[in-house]
Structure formats: C-alpha cells, structure tokens
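Below is one structure; the comments refer to it alone.
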Amino acid sequence: MTVVLVVIIVVIALVFVVLIASRRTPASNDGVDDFRRHLDALSPESRQQVIDRVQNREEDDDGA
Numbered sequence: 158m159t160v161v162l163v164v165i166i167v168v169i170a171l172v173f174v175v176l177i178a179s180r181r182t183p184a185s186n187d188g189v190d191d192f193r194r195h196l197d198a199l200s201p202e203s204r205q206q207v208i209d210r211v212q213n214r215e216e217d218d219d220g221a
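Numbering (the working numbering), first residue to last: 158 to 221.
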C-alpha cells in the first residue's frame, strides 16, 4: 500500500515537472525576436522618432 502511494506521488510530481518545463520552453525563437525588437528600439531611427514627437509637443505647448 505504501509503495503504491509513493509511486502515485512520484508520477504526479513528474507530470507537474513536465508541464512546467513545457510551458517555460518557447515554441519558437521568441528570445531572438525579443532581442531584435530590443535592438530596434535602441536604434537611432527609433530614438529620432521619439525625439521628434517630444519636440513637436514642446512646440505645441510653447505656441498655446
């Protein structure tokens, strides 16, 4: 009886470990895509768009 209980607990624990590992493993190259998006956000072109928006807003505030 005790052996059966231990086996059931071990099987349940293994199922949980497999489920957790499968959810944490990305299905594709999400890490690579995230890294590329991060680099794109740091690119001079992206920063220039933000600078332009801020400057336009400051000009609008000064004119109002």
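Here a beta-carbon is modelled for each residue, glycine too, at the ideal position from N, C-alpha and C.
**Span separating the alpha-carbon of V160 from that of R180** = 30 Å
Beta-carbon separation (whole angstroms), D197 vs S203, contact threshold 8 Å: 6 Å
| For S200, does the three-state DSSP call read helix, strand or coil? | coil
Problem set entry | Straight-line gap, D218 to Q205 (C-alpha atoms, nearest Å) | 20 Å
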